[in-house]
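Peer 1: Take this structure first; my questions come after.
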Amino acid sequence: MKKALLTLSALALCMAAGSALAKEYKELRFGVDPSYAPFESKAADGSLVGFDIDLGNAICAELKVKCKWVESDFDGMIPGLKANKFDGVISSMTVTPAREKVIDFSNELFSGPTSYVFKKGSGLTEDTASLKGKTVGYEQGTIQEAYAKAVLDKAGVKTQAYQNQDQVYADLISGRLDASLQDLLQAELGFLKSPKGADFEVSKPVDSPLLPAKTAIGISKGNKELKELLNKGIKALHDDGTYATIQKKHFGDLNLYSGK
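Under mature numbering (1 follows the signal peptide of the UniProt record, and there is no 0), residues -22 to -1, 1 to 238 are what the sequence shown spells out, in order.
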């Protein structure tokens, strides 16, 4: 009987050790769509750069784990999480009720509104009526897609989905699109400041409950342990000033963090 008890105790210890090991992250794999400068894009040498990339690497450094970036089209992010292709998504993913039904989110990374981009002097505005009969492009899987289908399509606006943001801008420049719909800061700092964006302008923010501003790290549903770990890392970046330093590097004195 004593031997049996000892055997059970040893088994319990092994199970506990296995459980502890399962909770240890030595590497965090983040899904990213590198077509969304200044949040995430590729440098001339092929390396990933941007605000989100710096935040992700800083979080990993704080948590003392290795960061691994896995590239994916944006509409493949949630399926990728479900298929365990990555542990989290750091790719300007906005928190929405629809997404919260299928995945969980960390605390806020940053917040930003949505806007249109169109040619200077086009006479277009963020008013849906001005876009009737025009063609507007957006990236698949984004909140802008949900807004386009729910609002623009019904208002007589022609809409076109694209695999990534680079393709959206390519058709905007060529004239196949009259406007594009995306994050305002991405448009201002990632496109309008580039030589290709010189003849374009950004609209005022589009006001709609379908276009929330809060952005966070997407993680698999029910992974409370990873959520706590990431929130610990995010908090540390704010506490030691790292977040402010990264923010200033990419956006100057502009504050992207709402504190929610």
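Virtual Cβ for every residue (Gly too), placed ideally from N, Cα, C.
Quick caveat, the model's predicted, so the values are computed rather than measured.
#1: Is the separation between the beta-carbon of Thr92 and that of Pro190 shorter than 7 Å?
#2: Give the secondary structure of Thr223 by DSSP, where H, G and I count as helix, E and B as strand, and everything else as coil.
#3: Note down the Cα distance separating Glu5 from Asp65, rounded to an integer number of angstroms.
#4: Taking Cβ positions, are Pro16 and Leu167 nearer each other than 7 Å?
#5: Using only the alpha-carbon positions, how far apart do Gly219 and Leu234 sit?
#6: For Ser158, which option in Phe8, Trp47, Leu102 and Val27 has the closest C-alpha, if you only look at C-alpha atoms?
#7: Would you mind giving the Cβ-Cβ distance between residue 264 and Arg7, rounded to the nearest angstrom? I have them listed as a contact below 8 Å.
#8: By alpha-carbon positions, which one of Lys127, Asp185 and Asp11 ends up nearest to Ile68?
#9: Give the single residue among Tyr125, Phe29, Lys20 and Ser25 whose Cα lies nearest to the Cα of Phe229.
#10: Identify, in the order they occur along the chain, each residue of the same chain with its Cβ nearer than 8 Å to the Cβ of Lys199, setting aside the five sequence neighbours on each side.
#11: Would you be able to state if there are at least three C-beta pairs under 8 Å between the stretch 130 to 140 and the stretch 100 to 120?
#12: With a threshold of 8 Å, are at least 3 pairs of Cβ atoms found where one atom belongs to the stretch 192 to 212 and the other to the stretch 128 to 135?
#13: What are the start and end residues of the alpha helix (DSSP H) that includes residue 252?
#14: If distances are taken between C-alpha atoms only, which option among Ile212, Glu18 and Leu41 comes closest to Gly237?
#15: Can you list, in chain order, the residues of its chain with a C-beta nearer than 8 Å to that of Asp177? Leave out the 5 residues immediately preceding and following it.
#16: In chain order, which continuous runs of the alpha helix (DSSP H) of length 4 or greater are located wholly inside the stretch 40 to 71?
#17: In whole angstroms, what is the alpha-carbon distance linking Leu130 and Ser186?
#18: Quick one: give me the first and last residue of the alpha helix (DSSP H) that Leu207 is part of.
#19: What three-state label does DSSP hand Leu87 in the structure shown?
#20: Which partner residues does Glu179 have in the DSSP bridge list?
#21: Which residue wins for smallest C-alpha separation from Glu179, given the options Tyr125, Thr223, Val95 and Leu207?
#22: Could you name the residues that DSSP lists as bridge partners for Asp82?
#23: On the DSSP bridge list, what partners appear for Lys20?
Peer 2: On the basis of the data shown:
#1: By one-based count along the sequence shown, residue 92 stands at place 114. By one-based count along the sequence shown, residue 190 stands at place 212. No, these two residues do not count as a Cβ contact at 7 Å.
#2: Here residue 223 corresponds to residue number 245 of the sequence shown, with the count starting at 1. DSSP places Thr223 in helix when its eight states are reduced to three.
#3: Residue 5 sits at position 27 when you count from the first residue of the sequence shown. Residue 65 sits at position 87 when you count from the first residue of the sequence shown. So the alpha carbons of these two residues sit roughly 9 Å apart.
#4: Translated into positions along the sequence shown, residue 16 becomes position 38. Translated into positions along the sequence shown, residue 167 becomes position 189. Yes.
#5: Here residue 219 corresponds to residue number 241 of the sequence shown, with the count starting at 1. Here residue 234 corresponds to residue number 256 of the sequence shown, with the count starting at 1. Going from the Cα of Gly219 to the Cα of Leu234 covers about 14 Å.
#6: Translated into the one-based positions of the sequence shown, residue 158 becomes position 180. Of Phe8, Trp47, Leu102 and Val27, the residue nearest in Cα terms is Leu102.
#7: As shown, the chain starts at -22 and ends at 238. That puts residue 264 outside it, with no answer to give.
#8: By one-based count along the sequence shown, residue 68 stands at place 90. Taking only the C-alpha atoms, the option nearest Ile68 is Asp11.
#9: Stepping through the sequence shown from its first residue, residue 229 is reached at position 251. Comparing Cα positions, the closest option is Phe29.
#10: The residue given as residue 199 occupies position 221 in the sequence shown. Val80, Ile81 and Asp82, listed in sequence order.
#11: yes
#12: no
#13: The first residue shown for the chain is -22 and the last is 238, placing residue 252 beyond what the model contains.
#14: Along the sequence shown, one-based indexing puts residue 237 at 259. When only C-alpha atoms are compared, the closest one is Ile212.
#15: Mapped onto the sequence shown, residue 177 falls at position 199. Result list for Asp177: Lys97 and Lys98, in chain order.
#16: 55 to 60
#17: Within the sequence shown, the letter at position 152 stands for residue 130. Within the sequence shown, the letter at position 208 stands for residue 186. Computed Cα separation, rounded: 12 Å.
#18: Within the sequence shown, the letter at position 229 stands for residue 207. First-last of the alpha helix (DSSP H) with Leu207: Lys202 to Asp217.
#19: For this step, residue 87 is matched to residue 109 along the sequence shown. Correct three-state label for Leu87: strand.
#20: Start at 1 with the first residue of the sequence shown, and residue 179 comes out as number 201. DSSP lists Phe96 as partners of Glu179.
#21: Taking the sequence shown and counting its residues from 1, the one referred to as residue 179 is at position 201. Ranking Tyr125, Thr223, Val95 and Leu207 by Cα distance to Glu179 puts Val95 first.
#22: Against the sequence shown, residue 82 aligns to sequence position 104. Note: Asp82 sits in a beta bridge opposite Ile197.
#23: Residue numbering aside, residue 20 sits at position 42 when the sequence shown is read from its first letter. Per DSSP, Leu26.
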